[in-house]
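*Asks:*
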Amino acid sequence: MKVLAFDISSDYAHFRQPYSTTSSLTYAIPPRTAALGIVGAIVGIDSGGFGQSKHIAELEKANTKIGVRLMRKVEKTRFSINYSYTKADASTKNVQHIQVPVEMVKDPVYRFYVTADVKLLEKLEDMTINSECYYTPYLGISEFIAQVKYVGTYSAEVETADKIYTAVQMAKRTNLLFSNGQKIFMETHAASMNSERRVTKYVEVAYEEEGNPLKLRSVDPDSLVVKIFTETGEEAVMLW
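Residue numbers (my numbering): 10 to 249.
(1) Just list the residues that DSSP pairs Q156 with in beta bridges.
(2) Once the 5 residues before and after E168 are set aside, which same chain residues still bring their CB inside 8 Å of it?
(3) Just the Cα atoms here: how many angstroms apart are S232 and K181?
(4) In the structure shown, what three-state DSSP assignment does K170 receive?
(5) Expressed to the nearest angstrom, what Euclidean distance is found between the alpha-carbon atoms of M136 and A50?
(6) Are K115 and K172 close, meaning C-beta to C-beta below 7 Å?
(7) Confirm, please, whether the CB-CB distance from E69 to I54 is below 7 Å.
(8) Run the CB neighbour count on L133, radius 10 Å, all protein chains shown included, and call it buried at 16 or more, exposed below.
(9) If L248 and Y122 are in contact, beta carbons under 8 Å, what's the gap, nearest whole angstrom?
(10) Which same chain residues, not among the five before or five after K82, have their C-beta less than 8 Å away from its C-beta?
(11) Using DSSP with H/G/I as helix, E/B as strand and the rest coil, what is H23?
(12) Where does E141 fall in DSSP's three states?
(13) Work out the CA separation of Y21 and T42 for me, nearest whole Å.
(14) Quick check: what's the CA-CA separation for R206 versus P222?
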């Protein structure tokens, strides 16, 4: 098995939590659906247009699995964004505006670990090595254009591990081992969507706020944990 790693960063990120109403709250790390969208943007898989997410099915058909690692401590900030009611009568300049407070992740850096069928992985490797993207990638909303930096392509083996460097999908039989000083958070993420952007699966995801690895007491047998062999040693990551 081969696993490709690349870093993605921006000044800000906003992955909107769907249950927030009067203010827009953000996830600290990109959900799997957002991560798949970024990979699709890099290699040029069309989503199908506004309100569509056809790229999800195509990437899943190619057996794409992704793990997300925090490379910088999570820091959040808030500011207001001006929105325009685009269905108003622009010809009379009677356009309504509203200011909405929005929560952002400040200076985010994430490392994506990706495995997929050979053809897709080779294309992703070629694009990231050459700092190319078919579509412009961004972190959550289009104003936060992202920079992509290739890290490496590594050999990997499917193994169990008691220390995971990526965020952890909390499947039924996966249990964390807590220790003093850790700041562990959990979020409910969309894991998959149909072509009309309706979520078909949610998962619970755990991460350590400062990007430290998570220790596990047990791992669900259906979870995919792989050990990758880098120039600096071995790292265990969870892909889904």
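All C-beta atoms in this analysis are idealised placements derived from N, C-alpha and C, irrespective of residue type, glycine included.
Since the structure is predicted, the reported quantities are computational estimates derived from the model, not experimental observations.
*Replies:* According to the structure data:
(1) As a first step, residue 156 is located in the sequence shown; it is residue number 147 there, counting from the start. S18.
(2) As a first step, residue 168 is located in the sequence shown; it is residue number 159 there, counting from the start. Short of 8 Å from the beta carbon of E168, and not among the five residues preceding or following it, lie these beta carbons of its own chain, in chain order: V234, V235, K236, A245.
(3) Locating residue 232 in the sequence shown gives position 223, where the first residue counts as 1. Locating residue 181 in the sequence shown gives position 172, where the first residue counts as 1. Each residue's Cα considered, the two are about 10 Å apart.
(4) Taking the first residue of the sequence shown as 1, we reach residue 170 at position 161. What sits at residue 170 in the sequence shown is Ala, not Lys. Coil.
(5) Start at 1 with the first residue of the sequence shown, and residue 136 comes out as number 127. Start at 1 with the first residue of the sequence shown, and residue 50 comes out as number 41. Spanning the two alpha carbons is a distance of roughly 11 Å.
(6) For the purposes of this step, residue 115 is identified with residue 106 of the sequence shown, where counting begins at 1. For the purposes of this step, residue 172 is identified with residue 163 of the sequence shown, where counting begins at 1. When the beta-carbon positions are compared, K115 and K172 stay at least 7 Å from each other.
(7) The residue labelled residue 54 in the question sits at position 45 within the sequence shown. The residue labelled residue 69 in the question sits at position 60 within the sequence shown. At the C-beta level, I54 and E69 stay beyond 7 Å of one another.
(8) Working through the sequence shown from its first residue, we reach residue 133 at position 124. By the 10 Å Cβ count, L133 comes out buried.
(9) Locating residue 248 in the sequence shown gives position 239, where the first residue counts as 1. Locating residue 122 in the sequence shown gives position 113, where the first residue counts as 1. About 6 Å separates the CB atoms of L248 and Y122; that is less than 8 Å, so the two are in contact.
(10) Numbered from its first residue, the sequence shown carries residue 82 at position 73. Excluding positions up to five away in sequence, the list reads E218, E219, G220.
(11) Taking the first residue of the sequence shown as position 1, residue 23 is located at position 14. In this structure, H23 counts as coil in the three-state DSSP scheme.
(12) Along the sequence shown, one-based indexing puts residue 141 at 132. Correct three-state label for E141: coil.
(13) Mapped onto the sequence shown, residue 42 falls at position 33. Mapped onto the sequence shown, residue 21 falls at position 12. C-alpha separation (whole angstroms): 19 Å.
(14) Position 197 of the sequence shown, counted from the first residue, corresponds to residue 206. Position 213 of the sequence shown, counted from the first residue, corresponds to residue 222. Answer to the nearest angstrom: the Cα atoms are 32 Å apart.
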